[in-house]
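The next block holds one structure in the form of structure tokens; read it before the comments.
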């Protein structure tokens, strides 16, 4: 009997070993088998680590053969897994978020209907479903890769096991995680602290952002097609914009020439430089037969138009306006929004919608993050590889046809995140933004975060070398083939630093800037500011570069060690941009030696060097870099991760999308509560959620005061797109948080100086009521998606009580797991189990369940 069993085992092993895939068999395996991920625990004895598991269920009739064979499973995961062998397979990191599972000699095979479990450990935590990426795939025998069907979705529940237990949901610091995961009851309690005592709030004149001063009577007028539009010749574009907006509301103004005897009501657009207001200021006056929109400059007149449109109540081709007056000007000259379409490209249309919404809320700087490790998103004439290869991700280990797949794109060229702006697209974007008084600031991220460019220029090199054109091949090369430097970037790349010692790197910068300037010229728009990136250069970059060793050996250049190379790069780019009449911008760490010491501002020939101050994790002692940079002569845009990173979750819950490195969540009320002029007062908690009562005591040193406030230009929101693969996901992360950003960028509230909580709450309630009652409708009318907070709920003796963080949302209930929905109120809820969601028009929140 024992002999028979042994023979059977040997037979099965031989069958497994002899198995070879056909394309159909591989497709069958991937469509029927499942690859799942599960978090075992973040609550370990060792801080900042987690245990997790990969499970492969072979539900097909195709076996994975024993021993070494030519099959590999690739999966995307944001955490770096160090090489580990177990269960006869090897898990290894490939590049970025891409990992590979491969069989070893000891692999026993995986027969049909068997399971393979692969535990692993990494750092720091996995507490959100969006930490995992979709579209894992299998390759074998040079066949076309096949995606595991259960992972080919944006619904994480198909490939990530539920995150429900405390050890899965709470992070492990040196101290306990004090940020509780939100549930229906805690959400209800928090919403109660936000909600107004009554919804009887008149929001008709509570426009966003809040004007400097405004007064209105109870009288109203009707703006209709009997009105005549008159405007200064310099304001023809603004007049055209106003007409377009009014036509969408069913009203077309008469533009006939003025007649002295004409008694028809008139709307005037005028430039008035005598206004006692700052740049971009305006006066808006609404009277029964005359509306005046006077701007200090063209931008001011445009913002007067936005305020007029915000005041208009639309019904039956009539616009009702309140009689009154506004005097207004912005608090900050830089009111920005940063959009990363490099990691995942979302298309031109969503970019245009973003510009529309920025204009509506008086934001004036669009910082477009065009390049990254994971993608190059702008066509550059003369450098076709940048988009032919750098704008596409697929499974190509040679990277001669596309970048290696990242961020859940999967193996196929039609996967999510691929694409780019053509030159025509970008010119259209520039014109569209300029018409709305928005400056587009292009970022070409160098020298770190440059992998897409590096790989593309290597492919260009290979192409031209094959044609015998060595000089042309080397002209824009960003890497040194003899470089032996060893490093790993924050995003887990070991080859993403452009070589700053190569002259060809600066030829590349010159070429890209030349083409950018040409695009701006074709658009009829001034190119004013170039963003170099400069951030997160991996330690160890260039240490093994012969080109850098040669640079060190040259006497008299002041470049002696690797530590001198970052300021050397900035100095070179500063000179290039100065010669082209451009201001130079960069992320803060690209302008600093270390946490506290900025590069010497005097070594850069450019008169305007702008720093985005982003890394403000309070307990790390870096939040004061904004003031250090400003005091040392840099112009600074406040861009703090703790308050203005819109790629972070809306609330602390595993179902919420986004990274959480700076803070566990950023709700819209937190954005609203940011105090740009009172920076240290924003330090409320550490990353772990521990209260901060004395920031200086926490750091053990005094923090520098701001001595040169004139160097703080303003504030900027950021959205990074690692976890954002679709346009809908993008807009749900941006809106309505962008409205709170605009409020703080334009208007300084009375409560900010003293951080008065009571006054802040009153101001928030007015703002939230306006958002819920008016602005969400305006967003939807512009075809923008947006985030809705799910309902909170608490059980009382009288049944369930429900609420939402934003007022004027409909709460819907289901008793059958979301198959059927109906509007519900607290008075009729006695069921023990319910499913809830918020609704506004066609937009709904994520579903939450309650039991009691």
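Numbering (this note's numbering), first residue to last: 5 to 856.
All C-beta atoms in this analysis are idealised placements derived from N, C-alpha and C, irrespective of residue type, glycine included.
C-beta contact flag for residue i and residue j at 8 Å
| i | j | result |
| --- | --- | --- |
| residue 98 | residue 106 | no |
| residue 792 | residue 849 | yes |
| residue 789 | residue 736 | yes |
| residue 662 | residue 161 | no |
| residue 450 | residue 537 | yes |
| residue 459 | residue 513 | no |
| residue 142 | residue 41 | no |
| residue 435 | residue 354 | no |
| residue 722 | residue 631 | no |
| residue 614 | residue 481 | no |
| residue 233 | residue 248 | no |
| residue 477 | residue 404 | no |
| residue 411 | residue 117 | no |
| residue 341 | residue 742 | yes |
| residue 322 | residue 228 | yes |
| residue 813 | residue 853 | no |
| residue 139 | residue 419 | yes |
| residue 571 | residue 484 | no |
| residue 269 | residue 293 | yes |
| residue 127 | residue 797 | no |
| residue 444 | residue 370 | yes |
| residue 587 | residue 612 | yes |
| residue 589 | residue 534 | yes |
Per DSSP, the bridge partner or partners of residue i
| i | result |
| --- | --- |
| residue 854 | 838 |
| residue 397 | 407 |
| residue 112 | Its beta-bridge partners do not exist; DSSP assigns none. |
| residue 176 | 180 |
| residue 622 | Answer by DSSP bridge pairing: none, since residue 622 is not bridged. |
| residue 79 | 103 |
| residue 61 | 38, 119 |
| residue 602 | 596 |
| residue 817 | 826, 840 |
| residue 798 | 805 |
| residue 142 | 77, 150 |
Per-residue burial, residue i [other beta carbons within 10 Å of its own, 16 or more giving buried]
| i | result |
| --- | --- |
| residue 52 | exposed |
| residue 226 | exposed |
| residue 378 | buried |
| residue 333 | buried |
| residue 283 | exposed |
| residue 415 | buried |
| residue 777 | buried |
| residue 9 | Low confidence applies here, because residue 9 scores a pLDDT of 46, under 50, leaving its location unreliable; read the following figure in that light. Counting Cβ neighbours within 10 Å, residue 9 comes out exposed, since fewer than 16 surround it. |
| residue 890 | The structure shown does not extend to residue 890, since the chain spans only 5 to 856, so no value can be given for it. |
| residue 385 | exposed |
| residue 740 | buried |
| residue 711 | exposed |
| residue 593 | buried |
| residue 800 | exposed |
| residue 844 | buried |
| residue 37 | buried |
| residue 499 | buried |
| residue 846 | exposed |
| residue 472 | exposed |
| residue 585 | exposed |
| residue 265 | exposed |
Could you tell me which uninterrupted alpha helix (DSSP H) segments, each at least 4 residues in length, are contained entirely in the stretch 220-300, listed from first to last along the chain? Taking only runs of at least 4 residues, the alpha helix (DSSP H) segments lying wholly in the stretch 220-300 are 240-252.
What are the uninterrupted segments assigned as beta strand (DSSP E) that are 3 or more residues long and contained completely in the stretch 482-560, given in chain order? 533-537
Between the stretch 634-646 and the stretch 594-614, are three or more C-beta pairs nearer than 8 Å? yes
Would you list, in sequence order, the uninterrupted alpha helix (DSSP H) runs of no fewer than 4 residues that lie entirely inside the stretch 423-460? Residue ranges of uninterrupted alpha helix (DSSP H) with 4 or more members, entirely inside the stretch 423-460 and ordered along the chain, are 427-439.
At least 3 beta-carbon pairs within less than 8 Å: the stretch 690-706 vs the stretch 617-628: yes
Under 8 Å, with one C-beta from each stretch per pair, do the stretch 300-314 and the stretch 232-251 reach the 3-pair mark? yes
Report the start-end ranges of each beta strand (DSSP E) in the stretch 322-364 that is 3 residues or longer and not cut off at the edges. For the stretch 322-364, whole beta strand (DSSP E) runs of length 3 or above, ordered along the chain, are 322-332, 338-344.
Do three or more CB pairs link the stretch 65-73 to the stretch 111-122 at distances below 8 Å? Flag = yes, the stretch 65-73 and the stretch 111-122 touch.
Quick check: the stretch 667-686 against the stretch 740-759, are at least 3 beta-carbon pairs closer than 8 Å? yes
Give the list of continuous beta strand (DSSP E) stretches no shorter than 3 residues that lie fully inside the stretch 32-59. 38-45
Pairs of beta-carbons, one from the stretch 277-294 and one from the stretch 321-336, closer than 8 Å: are there three or more? yes
Touching or not, the stretch 534-548 and the stretch 499-510, by the rule of three or more beta carbon pairs under 8 Å? yes
Considering only residues of the stretch 624-684, which uninterrupted alpha helix (DSSP H) runs meet the minimum length of 4 residues and lie entirely inside it, listed in chain order? 629-635, 645-648, 672-676
Is the stretch 766-777 touching the stretch 210-219, taking contact as three or more C-beta pairs under 8 Å? Taking 8 Å as the limit for Cβ pairs, the verdict is that the stretch 210-219 does touch the stretch 766-777.
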